[in-house]
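Residue numbers (our numbering): 2 to 389. Positions of the beta carbon are idealized from the N, C-alpha and C atoms, including for glycine. It should be emphasised that the depicted structure is a prediction, and the values quoted were computed from it without experimental measurement. One structure is given here, and the rest of the page talks about it.
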Amino acid sequence: MMEVDFVRSRFIKHFDGKTGNVYASPGRINLIGEHTDYNGGFVFPGAVDKGVMAEMRINGTEDTVMAYAIDLKDRVDFKLSDPNGPRASWARYIYGIALEMRKLGVPVKGFNIAFAGDVPLGAGMSSSAAMESCFAFGLNDLFGDNKVSQWDMVLAGQATEHNYCGVNCGIMDQFASVFGKAGCLMRLDCRSREFQYFPFKPDGYRLVLLDSVVKHQLSGSPYNDRRMSCEKVVKCVQAKHPEAKFETLRDCTWEDLDEVKDEIGADDYRRAKFVLGEKDRVLAVCDALTEGDYEKVGELMYQTHEGLSKDYEVSCEELDFLNQIAKENGVTGSRIMGGGFGGCTINLVRNDLYRKFIEDAKKRFNEKYGHEPKVYDVVIGDGSRKIC
Ligand code: GLA
2 MMEVDFVRSR FIKHFDGKTG NVYASPGRIN LIGEHTDYNG GFVFPGAVDK GVMAEMRING
62 TEDTVMAYAI DLKDRVDFKL SDPNGPRASW ARYIYGIALE MRKLGVPVKG FNIAFAGDVP
122 LGAGMSSSAA MESCFAFGLN DLFGDNKVSQ WDMVLAGQAT EHNYCGVNCG IMDQFASVFG
182 KAGCLMRLDC RSREFQYFPF KPDGYRLVLL DSVVKHQLSG SPYNDRRMSC EKVVKCVQAK
242 HPEAKFETLR DCTWEDLDEV KDEIGADDYR RAKFVLGEKD RVLAVCDALT EGDYEKVGEL
302 MYQTHEGLSK DYEVSCEELD FLNQIAKENG VTGSRIMGGG FGGCTINLVR NDLYRKFIED
362 AKKRFNEKYG HEPKVYDVVI GDGSRKIC
């Protein structure tokens, strides 16, 4: 995590010399359960020790926000009453979350904000959710007496993506960023929103991310198409059973899916098939973790990769190559992490194989694509918080 002084010195310099309050929120990893959140299924994320830090202060104006993105060296001022909001994509997260927090009854007025992040952009580690939950947490504290619940902040972050950023995401990323706890993964049922913390200390293994550095961007991407495919299948199943209620693929069985197979087209069928399988895999991973069977966890991770690549079609050549290298190095589990279309693989690797695997991945990836993948050792950290 970044240093407070780094953010504070920029806040002082770019505004009126005064200090404000500092807040931080993390990015996330996800052990398993991909593209299941918006299908009412299970996910298994954890917050990381990297994220976004923001200093914020009420500026006394009715609705002028003065915002500085430290990493981009970009300053944007805008009014919350402007119906279009700012154009800079980073500033839209601030504008969006402020309006969503107002909808929750927080009387947000003008404020100054400077923020920085160390969660890599476009790596599928949810830098955007880290921003949303950090800003939501700050606004709740500054203007709202901390009355908005953690879950409402999660939903405000998701609504910001939907309403101002063009991504029809689920709730996994914002959930992990708000509720994260050091040393623990969390199993969330996205339909009931019940969750449990799972202490994660795999004896003899570690988690490492390999970032393909292929830019992952979800807005305007096939991400929304995938979601639409799933919703189409649910509608079709519902039409066959008007007496029952099918809200998401979570409510559909393998038999329901097979019944509509000929009506929904091959692509939608394969996508729904992946989602049903992934729903079961998350539960199987929980059982395996409880038994300390990491080899089983890894096997399920490889199955997820296969499904994301062949059936859900959210992989790319570089990620498949990283997965292949993992397999050839005897890595226990490896798969695409997050939305896909670039970004990272997450790898569960035995300590004794770690060094050789990383060296081999760097060398072979470099030979093929002209640059090395970036390597991030996973440290499971805390969720949104006030620093000072
Ligand atoms: C992105 C979205 C999440 C989730 C994942 C895929 O990270 O923001 O809601 O759908 O993709 O599991």
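Could you give the distance in angstroms between the alpha-carbon of residue 104 and the alpha-carbon of residue 156? Here residue 104 is taken as the residue at index 103 of the sequence shown, counted from 1. Here residue 156 is taken as the residue at index 155 of the sequence shown, counted from 1. Roughly 11 Å separates the two Cα atoms.
DSSP on residue 1, reduced to helix/strand/coil? The structure shown does not extend to residue 1, since the chain spans only 2 to 389, so no value can be given for it.
Just the residues with CB closer than 5 Å to a heavy atom of the ligand GLA, in chain order, which are they? 35, 36, 38, 170, 171, 173, 174, 339 and 340
So the beta strand (DSSP E) residue 253 belongs to, where does it begin and stop? As a position in the sequence shown, residue 253 is number 252, starting the count at 1. No beta strand (DSSP E) holds residue 253; DSSP gives it neither H nor E.
What is the DSSP secondary structure of residue 157, reduced to helix, strand or coil? Indexing the sequence shown from 1 puts residue 157 at position 156. Three-state result, residue 157: helix.
Supposed close pair residue 298, residue 309 - CB separation, criterion 8 Å: Reading the sequence shown from its first residue, position 297 is the one you call residue 298. Reading the sequence shown from its first residue, position 308 is the one you call residue 309. Contact doesn't hold; Cβ gap of about 17 Å is too wide.
I'd like to check one pair, residue 60 with residue 46: are the Cβ atoms closer than 7 Å? Residue numbering aside, residue 46 sits at position 45 when the sequence shown is read from its first letter. Residue numbering aside, residue 60 sits at position 59 when the sequence shown is read from its first letter. Against a cut-off of 7 Å, the Cβ pair of residue 60 and residue 46 comes out as no contact.
Suppose contacts are defined by Cβ-Cβ distances below 7 Å. Is residue 179 in contact with residue 384 by that definition? Stepping through the sequence shown from its first residue, residue 179 is reached at position 178. Stepping through the sequence shown from its first residue, residue 384 is reached at position 383. It is a contact, given that the beta carbons lie within the stated cut-off.
In whole angstroms, what separates the C-alpha of residue 149 from that of residue 102? Position 148 of the sequence shown, counting from 1, holds the residue named residue 149. Position 101 of the sequence shown, counting from 1, holds the residue named residue 102. Cα-Cα distance, rounded: 8 Å.
For residue 72, which residues in the same chain have their Cβ closer than 7 Å to its Cβ, ignoring the five residues on either side in sequence? The residue you call residue 72 lines up with position 71 of the sequence shown. Same-chain partners within the cutoff: 117 and 118.
Within 10 angstroms of the Cβ of residue 341, are there 16 or more other Cβ atoms? Answer buried if so, exposed if not. Here residue 341 refers to the residue found at position 340 when the sequence shown is read from its first residue. Buried: at least 16 other Cβ atoms inside 10 Å.
Start and end residues, alpha helix (DSSP H) containing residue 346: In the sequence shown, the residue the question calls residue 346 occupies position 345. No alpha helix (DSSP H) contains residue 346, which is instead part of the beta strand (DSSP E) from 345–351.
Looking only at DSSP bridge pairs, what is residue 1 linked to? Because the chain is modelled from 2 through 389, residue 1 falls outside the range shown and cannot be assessed.
What does the alpha-carbon distance come out to for the pair residue 10 and residue 250? Position 9 of the sequence shown, counted from the first residue, corresponds to residue 10. Position 249 of the sequence shown, counted from the first residue, corresponds to residue 250. The straight-line gap from Cα to Cα measures roughly 49 Å.
List the residues that DSSP assigns as beta-bridge partners of residue 197. To locate residue 197, count along the sequence shown from 1; it is residue 196. Per DSSP, 188.
Please classify residue 153 as buried or exposed, where buried requires at least 16 neighbouring CB atoms within 10 angstroms. As a first step, residue 153 must be located in the sequence shown, where it is residue number 152. When all chains shown are included, residue 153 counts as buried.
Using the C-alpha atoms, what's the distance from residue 337 back to residue 324? Start at 1 with the first residue of the sequence shown, and residue 324 comes out as number 323. Start at 1 with the first residue of the sequence shown, and residue 337 comes out as number 336. C-alpha separation (whole angstroms): 8 Å.
Do residue 76 and residue 86 have their C-beta atoms within less than 7 Å of each other? Start at 1 with the first residue of the sequence shown, and residue 76 comes out as number 75. Start at 1 with the first residue of the sequence shown, and residue 86 comes out as number 85. Not closer than 7 Å, so no.
Under the three-state reduction of DSSP, which class applies to residue 27: helix, strand or coil? Working through the sequence shown from its first residue, we reach residue 27 at position 26. It is a strand residue.
Could you check what DSSP says for residue 98 in three-state terms: helix, strand or coil? Locating residue 98 in the sequence shown gives position 97, counting from the first residue. Reduced to three states, the DSSP call for residue 98 is helix.
Simplified DSSP state of residue 291, which is helix, strand or coil: Along the sequence shown, read from residue 1 onward, the residue named residue 291 stands at position 290. In this structure, residue 291 counts as helix in the three-state DSSP scheme.
Would you report the Cα separation of residue 311 and residue 126, rounded to the nearest angstrom? Position 310 of the sequence shown, counted from the first residue, corresponds to residue 311. Position 125 of the sequence shown, counted from the first residue, corresponds to residue 126. Each residue's Cα considered, the two are about 22 Å apart.
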